[in-house]
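The sequence shown finishes on residue 732 if you use our numbering, and the numbering steps up by one all the way, no holes.
Glycine residues also receive a C-beta, built at the ideal position from the N, C-alpha and C atoms.
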Amino acid sequence: MYAQVLVEIKAKNIDKTFTYLVPKNIEENIKIGSRVLVPFGNQKIEGFVLELEKNKTFDYKVKEIISLIDENPVLNEELLQLGKYISKKTICNLINAYETMLPTALKAKHNTTINKKYVSYLSLNMEYNEALNHCKNESQKEIIKELIQEQKKADLNKISLSSIKTLLKNNIIKEEIKEEYRLNNCIEKQTTDIQLTKEQINTIDTINKENNFKTFLIHGVTGSGKTEVYMNLIEHVLLEKKEAIVLVPEISLTPQLVNTFRKRFGSNVAVLHSGLSNGEKYDEWRKIERKEVSIVIGARSAIFAPFTNIGIIIIDEEHSSTYKQENNPKYNAKDIAIFRGRYHNCKIVLGSATPSIESYTRAKLKDYELCLMENRINNEMPKITLIDMKQEYRTGNTILSSLLKEKINEKIKNNEQIILLLNRRGYTTITVCKECGYTLKCPNCDIPLTYHKSSNTCRCHYCGYGAKKLIACPNCNSKEINDSGIGTEKLEQYIIDNIENSKVIRMDVDTTSTKGSHEKIIKEFENKNYNILIGTQMISKGLDFPSVTLVGVINGDATLNIPDFRSAERTFQLLNQVSGRSGRSTLKGEVIIQGFNIDHYSILNAKNNDYDQFYKQELDIRKKLKYSPYFNLCLIKIKSKNINDCFTEGNKIVNYLKNKNMKDTIILGPSACNMPKINNIYHIQIIIKFKNTENIIKELNYLNELYRLNKVIVDIDLSPIRI
Ligand SMILES: [Zn+2]
Ligand SMILES: [Zn+2]
10 MYAQVLVEIK
20 AKNIDKTFTY
30 LVPKNIEENI
40 KIGSRVLVPF
50 GNQKIEGFVL
60 ELEKNKTFDY
70 KVKEIISLID
80 ENPVLNEELL
90 QLGKYISKKT
100 ICNLINAYET
110 MLPTALKAKH
120 NTTINKKYVS
130 YLSLNMEYNE
140 ALNHCKNESQ
150 KEIIKELIQE
160 QKKADLNKIS
170 LSSIKTLLKN
180 NIIKEEIKEE
190 YRLNNCIEKQ
200 TTDIQLTKEQ
210 INTIDTINKE
220 NNFKTFLIHG
230 VTGSGKTEVY
240 MNLIEHVLLE
250 KKEAIVLVPE
260 ISLTPQLVNT
270 FRKRFGSNVA
280 VLHSGLSNGE
290 KYDEWRKIER
300 KEVSIVIGAR
310 SAIFAPFTNI
320 GIIIIDEEHS
330 STYKQENNPK
340 YNAKDIAIFR
350 GRYHNCKIVL
360 GSATPSIESY
370 TRAKLKDYEL
380 CLMENRINNE
390 MPKITLIDMK
400 QEYRTGNTIL
410 SSLLKEKINE
420 KIKNNEQIIL
430 LLNRRGYTTI
440 TVCKECGYTL
450 KCPNCDIPLT
460 YHKSSNTCRC
470 HYCGYGAKKL
480 IACPNCNSKE
490 INDSGIGTEK
500 LEQYIIDNIE
510 NSKVIRMDVD
520 TTSTKGSHEK
530 IIKEFENKNY
540 NILIGTQMIS
550 KGLDFPSVTL
560 VGVINGDATL
570 NIPDFRSAER
580 TFQLLNQVSG
590 RSGRSTLKGE
600 VIIQGFNIDH
610 YSILNAKNND
620 YDQFYKQELD
630 IRKKLKYSPY
640 FNLCLIKIKS
650 KNINDCFTEG
660 NKIVNYLKNK
670 NMKDTIILGP
680 SACNMPKINN
690 IYHIQIIIKF
700 KNTENIIKEL
710 NYLNELYRLN
720 KVIVDIDLSP
730 IRI
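(1) Of the residues 647, 256, 211, 264, which one's Cα is nearest the Cα of residue 6?
(2) Counting along the chain, where does the beta strand (DSSP E) carrying residue 655 start and finish?
(3) Mind listing which residues have their beta carbon within less than 5 Å of any non-hydrogen atom of ligand 2? Chain order is fine.
(4) Can you find at least 3 beta carbon pairs, one from the segment 404-424 and one from the segment 251-269, that sit closer than 8 Å?
(5) Let me know if residue 699 comes out buried or exposed under the rule of 16 or more other beta-carbons within 10 Å of its beta-carbon.
(6) With DSSP as the reference, identify every bridge partner of residue 426, one or two as the case may be.
(7) Taking only the alpha-carbon atoms, compute the straight-line gap between residue 53 and residue 525 and give it to the nearest angstrom.
(8) Can you tell me whether residue 350 is helix, strand or coil according to DSSP?
(9) Are residue 73 and residue 26 close, meaning C-beta to C-beta below 9 Å?
(10) Out of 57, 245, 536, 228, which has the shortest C-alpha to C-alpha gap to residue 324?
(11) Is the Cβ-Cβ distance between residue 475 and residue 464 less than 9 Å?
(12) To which residues of the same chain is residue 689 closer than 6 Å at the C-beta, ignoring the five residues directly before and after it?
(13) Going residue by residue through the segment 296-383, where are the continuous alpha helix (DSSP H) segments of at least 4 residues, counting only ones entirely within it?
(14) For ligand 1, is there any heavy atom lying closer than 8 Å to the beta carbon of residue 463?
(15) Under 8 Å by Cβ, that's how I've got residue 190 and residue 292 pegged, so tell me the actual separation to the nearest angstrom.
(16) How about residue 444: is its Cβ closer than 8 Å to a heavy atom in ligand 1?
(17) Would you call the CB atoms of residue 544 and residue 567 closer than 9 Å?
(18) Are residue 327 and residue 365 touching if we call contact CB-CB under 9 Å?
(19) Could you tell me which whole beta strand (DSSP E) segments of length 3 or greater appear in the segment 450-497?
(20) Can you list, in chain order, the stretches of the beta strand (DSSP E) that have 3 or more residues and sit fully within the segment 109-157?
(21) Whole-angstrom Cβ separation of residue 586 and residue 556, contact assumed at under 8 Å?
(22) Using only CA atoms, which one of 198, 143, 200, 187 lies nearest to residue 172?
(23) Using DSSP's beta-bridge definition, name the partner residues of residue 677.
(24) With a threshold of 16 other CB atoms inside 10 Å of the CB of residue 582, please say whether the residue is buried or exposed.
(25) How many angstroms separate the CA atom of residue 80 from the CA atom of residue 635?
(26) Strictly by DSSP, which residues pair up with residue 252?
(27) Taking all protein chains shown into account, decide if residue 620 is buried (16 or more other Cβ within 10 angstroms of its Cβ) or exposed.
(28) Below 8 Å, is the gap between the Cβ of residue 447 and the nearest heavy atom of ligand 1?
(29) What's the call for residue 165, buried or exposed, on a 16-neighbour Cβ count within 10 Å?
(30) Cβ of residue 486 within 8 Å of any heavy atom in ligand 1?
(31) For the beta strand (DSSP E) holding residue 582, just list the boundary residues, first then last.
(32) Measuring only from the beta carbon, is residue 655 closer than 8 Å to any heavy atom that is part of ligand 1?
(33) To the nearest angstrom, report how far apart residue 268 and residue 645 are at their CA atoms.
(34) Hey, quick one: how far does the beta strand (DSSP E) through residue 48 stretch, first residue to last?
(35) With distances taken Cα to Cα, identify the nearest neighbour of residue 154 among 175, 199, 182.
(36) Do residue 224 and residue 359 have their C-beta atoms within less than 9 Å of each other?
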C-alpha cells in the first residue's frame, strides 16, 4: 500500500503530496487524515495522509513511512474537506489550513512535546492488617495508613519514593496510571426557573422550528436576554443528541458568560481559547473528540471543534472583528460556521445588538432570517446624554464635564457603580517640546510614544520600544517639555484626586497581562470592593454588573479619526455596547458620552439607540464610496525594510492587475498604510474593490505563488477587516 503525504516544506508548489510506502505493520491502522512521520531529504518530518492507494506500482524507489503518530486520524472527512475550502478561500497552503484547525499538540511539526497528562494512583493490594504486617519500617506503614480508605494520587513530594517502590515490588500495594485532564470544569449544575419574555419565546420557537441548514440573525438590544435564548436553543439540540458550538469574541473578557453556561450545563461544556496552555487546549480538544462533552464554548478557533454531529453553531456578538484571523490563514469564523452548517445540515445563529452592515444586509435580502428582540428584560434602555467638550474646555473642564462629574458623585452617594471607558491606555499620549516642536517618536515605527507613569517609561504600542521620559529636548535642549493627551492611567489618577470616596479599579492591557487577572478585576468589581471601573474597549463587551447605573465615555469620537471605512460602524458599535453595561438590572441606567465631534451620525444614532437609522445612513455612504456590501474588498500589503522595493513591487503588481482588465474591478494604490512603518518594516498597500471573487482569484493565486520566496513580502487578504 502507498500513501500520499502532505508535508510542510519551503518550496514552490508545496501543496503537492509525496508518495510513501506503508509498512505492513501499520497497514491496518493507517487512515486518510492520520499523522505520520516520514523521511524527507535527510530529515524526519511529520505530515498528513491525504490518500491511500492499494494497487499501484512505481518505477522508482519509494521511501517508507517511519511511523504512525496517533491511534486515530486527527483529521476526519469533514475537516479534510474544510481545509481545502480554507486554502482556496483565503489563498493559503493546504498544510497551513490543516494545522490551523488543530491544537498545537497535534500539528504536523517537528518536536511536538505536549503529551497527555498521566497521574499515578496507588491502592492496597491486600487487606489493611495484612499489609501492615508486611511493612518493614515506619515510612512504609505511613503509606499503608494513607491508603486505607481509597485510591490516592501518588504525591511524590510528601511520601518516600523508595518505600513506595519497595511496597510495589512486593505487591503490597498496586499502581494504576490514569490520564487526567488539566482543566477541571466541574461546576454544580443549578436549576433555575426563568420566566422567558415574549420576544425570547418567539425567537426560540422560530429557530427551533427549523431542522435544516439555515442562518438566523438575532438583532437584540443589550440586555434583551440573548444568552438565555442561546441556552434554550442548545437544550433543544441536546435532546436530539446533537452537539453545539458557541463562539464568543474574546473569552477571557467574558468569564461571566462561561460561568452562566457551566451553571446550566455542568461538565458537558469544553472551553477553548487562547488563554489556555497548549496542554489544556489539547485536553479540551480530546474531550470533544471523545464525545465526553456536547458543547464547546470558545473564541474563534473553537469553530474547528472536532464534533461529528453538530446541531447548532452560535456566534455571539457576530459583528466583532475578532472572528477574523489576521495572520495566515486569514479565515473568518463566520464563513467556517456556514461551511460546517451546510455539511451537518444544521442551524447557524448570529447574535448582536449592532449587527455588522454585511450581516444585516444579508438579513434584509432574506439570505438570513431576522429575529428581533427590541426590549430589555428588566428595564428600559438607559438614557444617553451627549456632551460637547469644545464647550467644556472653555469652562476649564478638560477631562470630565461638569455633568459627568456631578453624576459620578451622585452614584457614589447612592452606593451604585460606574464604568468609565477611555479607549487609550497609558498616562499621556504625546510628548512635544514647546520651544521647537520636537515630538518624541518611536525610532522603529515613527509614531508618538505613550508615557506610562507606572513604569515611568515612554513606550511604543506597536513594537514595544521603550525610552526614558524626556527631561530636556534632544533637539534644542529646552526643558519646556509638554505632555498631553489622556490615557486610562491619567484618568485613574484624576478620579482619585478629584472625586471623593472613589475607589477605582482599572482594566486595560497593562493591568491584565498575567493569567487570570481579567477574572480577578471583574470579581473585585462585582463584589463592590470598588465603585468605579475604568478601562479601554475591553470593558465594553458582555459584562453584566447589576449595580452599574452610569457609564461615562471619555473621547467617544476618538475612533472616528481612524482612517478606515468601518470607523463609523465601529464607533456606533462601541458606544452601543458600552452603553449597554448601564442599568441592566432593576435600577435605571444613564450614559454620558463626551466628545468633540458629537454631531457625527454614528454618535447621534448611538444616542437614540437607532440601529436602523444608522444602517440606512451608513449604507448610503458605502454605496457612494463603493465599499462592502456593494463591493468586496481585497487588501494586498507589501512589506520590506526598503521602502523603494515596496513601491517598485507595488507598482509592478498594480500594472499586472490593471493589464488583466478584470470585470467590475477597481484597483487603488500602491499607497502607504495607516501605519506606514512598524518595527522598521515599511508597509504599503493596494486595495482591490471587486464584485465577483471568481474574477480575481486566479490572479491573486498567481501573485501569491510568484512572491512566495521573494525578499519583499506580499500579503493578500481577501476579506480584510481593517484597512
Ligand atoms: Zn526642542
Ligand atoms: Zn515602535
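Result, derived from the coordinates:
(1) For residue 6 there is no data in the structure shown, the boundaries of the chain being 10 and 732.
(2) As a first step, residue 655 must be located in the sequence shown, where it is residue number 646. Per DSSP, residue 655 belongs to no beta strand (DSSP E); it is in the alpha helix (DSSP H), 652-668.
(3) Every residue whose Cβ sits closer than 5 Å to any heavy atom of ligand 2 is listed here in chain order: 451, 453, 454, 469, 471, 472, 474.
(4) No: fewer than three Cβ pairs fall under 8 Å.
(5) As a position in the sequence shown, residue 699 is number 690, starting the count at 1. Classification of residue 699: buried, given that the 10 Å Cβ count is 16 or more.
(6) Taking the sequence shown and counting its residues from 1, one reaches residue 426 at position 417. Per DSSP, 557.
(7) By one-based count along the sequence shown, residue 53 stands at place 44. By one-based count along the sequence shown, residue 525 stands at place 516. Computed Cα separation, rounded: 39 Å.
(8) For the purposes of this step, residue 350 is identified with residue 341 of the sequence shown, where counting begins at 1. DSSP places residue 350 in helix when its eight states are reduced to three.
(9) Sequence index remark: in the sequence shown, residue 73 carries index 64 (1-based). Sequence index remark: in the sequence shown, residue 26 carries index 17 (1-based). The answer is no: Cβ separation not under 9 Å.
(10) Here the question's residue 324 lines up with position 315 in the sequence shown. Of 57, 245, 536, 228, the residue nearest in Cα terms is 228.
(11) Mapped onto the sequence shown, residue 475 falls at position 466. Mapped onto the sequence shown, residue 464 falls at position 455. Cβ atoms of residue 475 and residue 464: closer than 9 Å.
(12) Indexing the sequence shown from 1 puts residue 689 at position 680. Around residue 689, the same chain offers 453 as residues with beta carbons nearer than 6 Å, after the five sequence neighbours per side are excluded.
(13) Within the segment 296-383, the complete alpha helix (DSSP H) runs of at least 4 residues are 342-353, 366-373.
(14) The residue given as residue 463 occupies position 454 in the sequence shown. Flag unset: Cβ of residue 463 not near ligand 1.
(15) As a working mapping, residue 190 is identified with position 181 in the sequence shown. As a working mapping, residue 292 is identified with position 283 in the sequence shown. Their Cβ separation, rounded to whole angstroms, is 4 Å, which keeps residue 190 and residue 292 in contact under 8 Å.
(16) Against the sequence shown, residue 444 aligns to sequence position 435. Under cutoff, so the answer is yes.
(17) Here the question's residue 544 lines up with position 535 in the sequence shown. Here the question's residue 567 lines up with position 558 in the sequence shown. Not a contact, by the Cβ cut-off of 9 Å.
(18) Within the sequence shown, numbered from 1, the residue matching residue 327 stands at position 318. Within the sequence shown, numbered from 1, the residue matching residue 365 stands at position 356. Residue 327 is a Cβ neighbour of residue 365, given a cutoff of 9 Å.
(19) Those beta strand (DSSP E) runs which fall completely within the segment 450-497 and span 3+ residues are 459-461, 466-468, 475-477, 490-493.
(20) DSSP runs (the beta strand (DSSP E)) wholly in the segment 109-157: 127-133.
(21) If you number the sequence shown from 1, residue 586 lands on position 577. If you number the sequence shown from 1, residue 556 lands on position 547. Not really, about 19 Å apart at Cβ, beyond 8 Å.
(22) For the purposes of this step, residue 172 is taken as residue 163 along the sequence shown, with counting starting at 1. Nearest C-alpha to residue 172: 143.
(23) Counting from 1 along the sequence shown, the entry for residue 677 is found at position 668. Per DSSP, 696.
(24) As a working note, residue 582 is residue 573 in the sequence shown. Answer is buried; the Cβ neighbour count reaches 16.
(25) For the purposes of this step, residue 80 is taken as residue 71 along the sequence shown, with counting starting at 1. For the purposes of this step, residue 635 is taken as residue 626 along the sequence shown, with counting starting at 1. One C-alpha to the other measures close to 52 Å.
(26) Position 243 of the sequence shown, counting from 1, holds the residue named residue 252. According to DSSP, which records beta bridges pairwise, residue 252 is partnered with 319.
(27) On the sequence shown, residue 620 is found 611 positions in, with the first residue counted as 1. Under this definition residue 620 is a buried residue.
(28) Along the sequence shown, read from residue 1 onward, the residue named residue 447 stands at position 438. Correct: residue 447 has its Cβ closer than 8 Å to ligand 1.
(29) Position 156 of the sequence shown, counted from the first residue, corresponds to residue 165. Bear in mind that a pLDDT of 49 at residue 165, under 50, signals an unreliable position, so the model cannot answer this.
(30) Here residue 486 refers to the residue found at position 477 of the sequence shown. Indeed, a heavy atom of ligand 1 lies less than 8 Å from the Cβ.
(31) Translated into positions along the sequence shown, residue 582 becomes position 573. Here residue 582 belongs to no beta strand (DSSP E); instead the alpha helix (DSSP H) covers 576-588.
(32) Taking the sequence shown and counting its residues from 1, one reaches residue 655 at position 646. Proximity of the beta carbon of residue 655 to ligand 1 is not indicated: no heavy atom of the ligand is located closer than 8 Å.
(33) Within the sequence shown, residue 268 is the residue found at index 259, counting from 1. Within the sequence shown, residue 645 is the residue found at index 636, counting from 1. Cα to Cα, the separation comes out at about 41 Å.
(34) Translated into positions along the sequence shown, residue 48 becomes position 39. Looking at the DSSP string, the run of the beta strand (DSSP E) that includes residue 48 is 44-49.
(35) Within the sequence shown, numbered from 1, the residue matching residue 154 stands at position 145. Of the candidates 175, 199, 182, the one whose C-alpha sits nearest the C-alpha of residue 154 is 182.
(36) Walking along the sequence shown from the start, residue 224 turns up at place 215. Walking along the sequence shown from the start, residue 359 turns up at place 350. One thing to note: residue 224 has its Cβ within 9 Å of the Cβ of residue 359.
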